[in-house]
Amino acid sequence: MNEIDYKSDVKPTWCPGCGDYGVLNSIIKAAKMLSLKPENTVIVSGIGCSSNLPHFFNSYSLHSIHGRAVAVAEGIKFANHELNVIVTGGDGDGYGIGLNHMIHAMRRNVDITYVVMDNEIYGLTTGQSSPTSMLGHKTKSTPFGVIETPVNPIAQALSASATYVARGFSGDPGHLAELIKGGISHKGFALIDVFSPCVTFNKINTYDWFRKNIYKLEGNRTDDFTEAMKHAKETERLPIGLFYKTDTPTYEERDLVLKKSPLIKQDRVDNNILEKLMEEFA
Amino acid sequence: MIAIIFMQYVLCAWFQINSIKPIFWDKEAFFHILKYSLNSFICCMYADLLKTGGVLMVNSVKDFSIRLGGMAGDGVSSLGEMISKASVRMGLYTATYNSYQSVIRGGHVWYQIKMGVEPLKSYGDSIDLLVCITNDTLTYHMPYLNKEGRVLIDPMRIDPNIKVDESRLVKVPFLDIATKYSKNPIVQNTVIFGCVSRITGISWEVVEGVIRDNFINKGDAITNENLKASKAGYDLILSYNIQPIFADNIPPKKIFLMTGNDAIALGAAAAGCKFLAQYPMTPATSILHWLSAHSNDLNIFVKQTEDEIAAINMAIGASYAGVRSMVATSGGGFSLMVEALGMAGMIEVPLVVVDSQRSGPSTGLPTKTEQADLNMLVGASQGEFPRIILAPGSVEEAFYLTQNAFNLADRYQVPVIIASDLSLSERYESVTNIKFDMKIDRGAIATEGEPDFKRYEYTANGISRRSFPGMVGTIHTASSDEHDEYGKLVSDVLAGTPYGVSKRIESMNKRMKKLENFKKIISYTPYSVKKDNNNLIISWGSTKGVVREAIELLSKANLFFDHLHMDVVWPINGGAMLELLKKYENVYMVEMNYTGQLAKLITSETGYVFNHLMLKYDGEPLYPVEVYKHIRKVIS
Ligand SMILES: Cc1ncc(C[n+]2csc(CCOP(=O)(O)OP(=O)(O)O)c2C)c(N)n1
Ligand code: SF4
Ligand SMILES: [Mg+2]
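In order, the protein sequence lines correspond to chains G and E. Residue numbers for the first sequence follow the numbering used here, so the first one is 1 and each next one is one higher. Residue numbers for the second sequence follow the numbering used here, so the first one is 283 and each next one is one higher.
So, in structure tokens, the structure goes:
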């Protein structure tokens, strides 16, 4: 399949210049590199500009409700763990309303890949502060500036035991595609936080701002948790690249039932098993 | 006369020693028995000559009710379960109600067990035998004791300040006996188990079997001390020469004992449910427990989630991916699920949701029963979408309705809600008719590789074919946003355009149409005790048996009532319902809530206004006598 074959016939509806175009392209590139089969791939999203992405990609997809995409994706993966399950969404969706699910999915090490288009703003609802908006950021809902410490997605993921933690920039789709490819190939929960500028409502964290404030991690030891956490906590300049990767068994590999075979391939048990169970009630 | 009594005593003592032999044969025990035998001799004489003390007056009866009272932590419910299990193993029909509190230790808890030689309708409301583990049991429950009823009590525990008629007491030093065999005072429960079994006529073999099963994981030492303690209780009653309530020639039958939640879990397994996601909440929790315990045998994936929001969203994901999925919770958890319920409606993913209701609002009375969630279940989530609400009336019905729920969910691609409540979910009932032969209907499913697949095709009945990830050529997006036949959004750039507007109307019509045929086939056939009756009682869900029992009581007073138990609460077939209602002069609605929620729903669907509502919202279970009295009062 060529890159074009991974595009659906729905044209993206994002504002011209929106960072999310770059993310879509990177996902398509990664899919091509991995030769993902559209019928075996499911993209799940929540609600937000970024969460419209699945409509533009050629695969099964579930465009769910705000903040719940990770939970929906876990259900899909548990039902059929032979599928490639990718979650796409925004910073509000994932780090605000849906943060609880993300943390629990990480500690379960469910084998899904989570791409968060982090524009540090609520785009679809026309520009309120988000959990990653910087201190002092003046938005429609914080006209005097944000006074809460922002969520640090990388540190959050590391402390929640995510097994693949990376950050990319939608202005560098080649680099980002590699990170996404790594995340999909990784067995376990992968978070790829993506700086993806909202050109309409975030006039602070623009492409230029990001270019000035980010740098690429190179030669870092990605199996060293302490080093990863040190990079996650950097404030001077924001690192992009792979922070951490470790191999631990996935939930599907550990669960007694899922270990046997994908749930969808397991038939209802025979009546004799049910009848035997009845003895417990006798 | 004296001679007869003496012979009785000799026989009795011989039988005791004989039957004890296989269990233990030591000197101490022998003298212990001898001591009690002597007591029993005195007791027998006293009883037979003076007709008081110890001896129960109830002779062979059709049914018998026991109430156990104690403190949380006393093991009242496990004692109740042992007695109930023994009862069904004796071939007796059994029904229970467990009244407990939201504390782990202390307070007052009680357990009602009704046993009968014929199938029972409910746990009943009388007490033939009151078992007092604590003093306050006497205070709380004495007023409900039948005229002929007796109290089983530890003489060391009787509060001298409580005035009771001595002749109604059966005294057994539970704790004394227990401490003879064990360091653990909780063993008094097995002493009581032995006593109650002998009083009711449960054979020692059955008692022994139940104890062995109950302590199977506790090792031989603990099993044996419990057996000894129980036997001592059993033999002590034997020595009191109490005539057993039930004769020992009850025809053996295969009777199972399970709770409403067991039946729901078992029904789900039988229906081929593969996925349960749940967050613990009383009184739905034991569904999680049972399916977790058996997940590996049944190949069912069970997940305790971080909250109920995750639970339902996971289940929707799993169902979308093609496996039958269920969530179970109580009202509070259901409240959290509401948004996702609407998504299931919108993306047309089948889903079974169990709401085991408890007393609200808010955290309410967590261990008490109510049927006050109906308004929420009917209206939960923004916008309009079709849903089905089922309300099983008995444990057996819960088993079959749950299977039905899965078929309906798949057939109509809608959420199906099972409205249980604490009273049904947690009560044990004997069931005799459990068969695993219900056909599984997965509904309309696409074939792979068909050109131009429309997941949400506008069909005559509104039902379109599903496809699952992994199937080739049937790729689509399921979207919680409004969409067209292909699943493509009409919510953003197309919203408000002529195309968007027309698709919105068509998609709404398609979804809302799905239950039209189902609604038409819903029929209302009342249970009838007499032809051409003028009076009808309507109820829904767990109260079915209680209402039937009340109707029996009313019949005895020459007051005749038909009964409509609604197991499909929603949708309502307004035409059929109105036709039925018009046949009766008096219609009574019995509901466990403050506002008469089902009555109002029926009114909204039929225009019929109810004049007689019996509403109960004290958290306590409904009793037949209450319904009986209420109706008698209205009539007079
Ligand atoms: C339960 C609920 N609350 C609020 C909303 C409104 N809402 C839609 S998108 C959104 C925030 C989107 O922000 P983000 O996830 O960062 O996505 P972006 O648009 O920035 O890509 C909100 C609050 C909703 N759809 N559902
Ligand atoms: S509002 Fe911002 S996030 Fe949304 S599409 Fe436009 S640029 Fe992208
Ligand atoms: Mg955002």
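Positions of the beta carbon are idealized from the N, C-alpha and C atoms, including for glycine.
Cβ of residue i within 7 Å of any chain E Cβ
i: PRO12/G; result: no
i: ASN100/G; result: yes
i: GLY19/G; result: no
i: ARG108/G; result: no
i: ASN2/G; result: no
i: PRO150/G; result: no
i: TYR60/G; result: yes
i: SER64/G; result: yes
i: ALA79/G; result: yes
i: LEU263/G; result: yes
i: VAL165/G; result: no
i: GLN156/G; result: no
Contact set between residue i and chain E, taken where Cβ atoms lie within less than 8 Å
i: ALA73/G; result: GLY599
i: MET117/G; result: Simply none; closest approach about 17 Å.
i: ALA160/G; result: Near ALA160/G there are no residues of chain E at all, since even the closest Cβ is about 12 Å away, more than 8 Å.
Helix, strand or coil at residue i according to DSSP, with G and I counted as helix
i: PRO153/G; result: helix
i: GLY769/E; result: coil
i: ILE435/E; result: strand
i: TRP572/E; result: helix
i: ASN875/E; result: coil
i: GLY145/G; result: coil
i: LEU238/G; result: strand
i: VAL636/E; result: strand
i: LEU274/G; result: helix
i: TYR6/G; result: helix
i: GLU430/E; result: strand
i: SER61/G; result: strand
i: LYS536/E; result: coil
i: ASN380/E; result: strand
i: ALA190/G; result: strand
i: LEU179/G; result: helix
i: THR461/E; result: helix
i: PRO906/E; result: helix
i: ALA592/E; result: helix
CB contact flag (residue i, residue j, <7 Å)
i: ARG480/E; j: TYR516/E; result: yes
i: ALA654/E; j: GLY823/E; result: no
i: ALA48/G; j: GLY90/G; result: According to the sequence shown, residue 48/G is Gly rather than Ala. Yes, Cβ-Cβ distance for GLY48/G and GLY90/G is below 7 Å.
i: TYR379/E; j: PRO906/E; result: no
i: THR113/G; j: THR248/G; result: no
i: MET596/E; j: GLU74/G; result: yes
i: PHE538/E; j: PHE557/E; result: no
i: TYR393/E; j: LEU434/E; result: no
i: VAL829/E; j: SER821/E; result: yes
i: LYS826/E; j: HIS847/E; result: yes
Contacts that residue i makes with chain E (C-beta to C-beta distance below 7 Å)
i: ASN271/G; result: PHE718
i: ARG68/G; result: ILE591, ASN595, ALA622
i: PRO249/G; result: Result: empty, since nearest Cβ-Cβ is about 17 Å, beyond 7 Å.
With 16 other Cβ atoms within 10 Å as the buried cut-off, status of residue i
i: GLU630/E; result: buried
i: LEU374/E; result: buried
i: ARG221/G; result: exposed
Minimum Cβ-Cβ distance from residue i to chain G less than 7 Å
i: GLU767/E; result: no
i: ALA760/E; result: yes
i: MET625/E; result: yes
i: LEU580/E; result: yes
i: ILE757/E; result: yes
i: PHE583/E; result: yes
Partner residues on chain G for residue i, Cβ-Cβ distance less than 9 Å
i: PHE456/E; result: Chain G residues near PHE456/E: none, gap ~28 Å exceeds 9 Å.
i: LEU647/E; result: Chain G residues near LEU647/E: none, gap ~28 Å exceeds 9 Å.
Where residue i meets chain G, residues with beta-carbon distance less than 7 Å
i: PHE538/E; result: MET278, PHE281, ALA282
i: TYR602/E; result: LEU62, ILE76
i: TYR552/E; result: The displayed chain sequence assigns Ala, not Tyr, to residue 552/E. Ordered by position in chain G, the residues that pass the 7 Å Cβ test against ALA552/E are LEU274.
Chain G residues whose Cβ lies nearer than 8 Å to that of residue i
i: ASP589/E; result: ASN100
i: SER577/E; result: LEU256, VAL257
Check: residue i C-beta below 6 Å from any heavy atom of ligand 4
i: GLY92/G; result: Here the bound small molecules are ligand 1, ligand 2 and ligand 3; ligand 4 is not part of this structure.
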